[in-house]
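**Student:** Below you will find the structure I want to go over with you.
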Amino acid sequence: MSRARVAVLISGRGSNMTALVEAARAPDCPFEIALVLSNRPDAEGLALAAQAGVPTLAIDHRPFGADREAHERALDAALREAGAGYVALAGYMRVLTPFLVEAWAGRMINIHPSLLPKYPGLDTHRRAIEAGDAEAGCTAHLVTAGVDEGPILQQARVPVLEGDTPETLSSRVLEAEHRLYPAALARLVGDADAREGYRGPVDQSSP
Ligand code: GRF
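Each residue of the sequence shown is one higher than the last, beginning at 129 in this note's numbering.
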């Protein structure tokens, strides 16, 4: 079986990246992790990926200053050099320019810690608690120009419990992310229709 080559973009601790790396160990997993790439040379996730035997690279955004597209052109060259066919954002904390989004349209996926379209952006768990939501969750979606706005591929739901803090809710959602993201990526790489865009959310409620 030829497996889809996926590059993972991170900025921090990399727990979703680790979930993808672990999923890719299964012989029947339809993807392999070709590269873990960070805009922060000190990202914890880079060390974790290296320990797991995955090729890693840091391309620091700071020397590029305000020229975000120039940074992305360097990323794009590295992604192609690694032979990546897909890009998975996993806690990549830069807003993308149209250049990178268009270069990987239909082949770039993100995991977001809310039930989109609710709570795009940051601080999702506090916002869900303050709104009195009974349910929270996470969303795997294709990346488009609008932040956290791309077609939804799959979602997973978790309850918001009495007394939850942003931290306790975040760790419950994160466990769901670690199950959802490999499943959504596996489906994307095997499914031309999904790459074309929205076919309706598939609710993968977590047990
Ligand atoms: C996750 O909550 C993910 O949904 C969001 O950023 C966080 C990254 O965490 N996009 P990690 O680096 O994968 O641990």
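For each residue, glycine too, the CB sits at the ideal point set by N, CA and C.
Given the structure is predicted, the values throughout are model-derived calculations rather than measurements.
Rank I138, S130, G140 by C-alpha distance to the C-alpha of P158 and give the top, closest one.
**Tutor:** Nearest of I138, S130, G140 to P158, Cα basis: S130.
**Student:** Which two residues bound the contiguous beta strand (DSSP E) that contains G265?
**Tutor:** Element bounds for G265: 263-270.
**Student:** Taking the C-alpha atoms as reference points, what is the distance between V330 and E172?
**Tutor:** Interpretation of V330 is limited by its pLDDT of 45, a score under 50 that renders its predicted location unreliable; no figure is taken from the coordinates.
**Student:** Below 8 Å between beta carbons: does that hold for A259 and L297?
**Tutor:** No.
**Student:** I'd like to check one pair, I187 with D217: are the Cβ atoms closer than 8 Å?
**Tutor:** A small fix is needed here, since residue 217 is Leu in this sequence, not Asp. No, Cβ-Cβ distance for L217 and I187 is not below 8 Å.
**Student:** Taking 7 Å as the cut-off, is the C-beta of P191 nearer than that to any heavy atom in the ligand GRF?
**Tutor:** No - the ligand GRF has no heavy atom lying nearer than 7 Å to the Cβ of P191.
**Student:** Measure the C-alpha to C-alpha separation of V134 and L203 and round it to an integer number of angstroms.
**Tutor:** Going by the C-alpha atoms only, they are around 14 Å apart.
**Student:** Three or more C-beta pairs under 8 Å: does that hold for the stretch 191-210 against the stretch 174-181?
**Tutor:** Contact between the stretch 191-210 and the stretch 174-181 is absent, because fewer than three Cβ pairs lie under 8 Å.
**Student:** Within 10 angstroms of the Cβ of L281, are there 16 or more other Cβ atoms? Answer buried if so, exposed if not.
**Tutor:** Buried, by the Cβ-count rule.
**Student:** Do you know how far the Cα of F227 is from the Cα of N144?
**Tutor:** The straight-line gap from Cα to Cα measures roughly 25 Å.
**Student:** Figure out for me which residue from L313, T293, L243, V271 has the closest Cα to the Cα of V223.
**Tutor:** Minimum Cα distance to V223 is reached at V271.
**Student:** What residue range is occupied by the uninterrupted beta strand (DSSP E) comprising T252?
**Tutor:** That residue, T252, is in no beta strand (DSSP E); its alpha helix (DSSP H) goes 252-258.
**Student:** Assuming V286 and G249 are in contact, meaning their beta carbons sit under 8 Å apart, how far apart are those beta carbons, in whole angstroms?
**Tutor:** With 8 Å as the limit, V286 and G249 do not qualify as a contact, their Cβ atoms being about 20 Å apart.
**Student:** If you reduce the DSSP assignment to three classes, tell me which class P287 lands in.
**Tutor:** Here P287 sits in strand by DSSP.
**Student:** Apart from the five residues just before and just after M221, which ones in its own chain have a Cβ nearer than 6 Å to its Cβ?
**Tutor:** S139, listed in sequence order.
**Student:** From Y309, L313, G291, pick the residue whose C-alpha is nearest to that of G265; which is it?
**Tutor:** For the residues Y309, L313, G291, the minimum Cα distance to G265 belongs to Y309.
**Student:** Determine the closest residue to E164 out of A152, A154, V182, A147, with distance taken between C-alpha atoms.
**Tutor:** The sequence given here places Val at residue 164; Glu does not occur at that position. Of the listed residues, the one whose Cα sits closest to V164 is V182.
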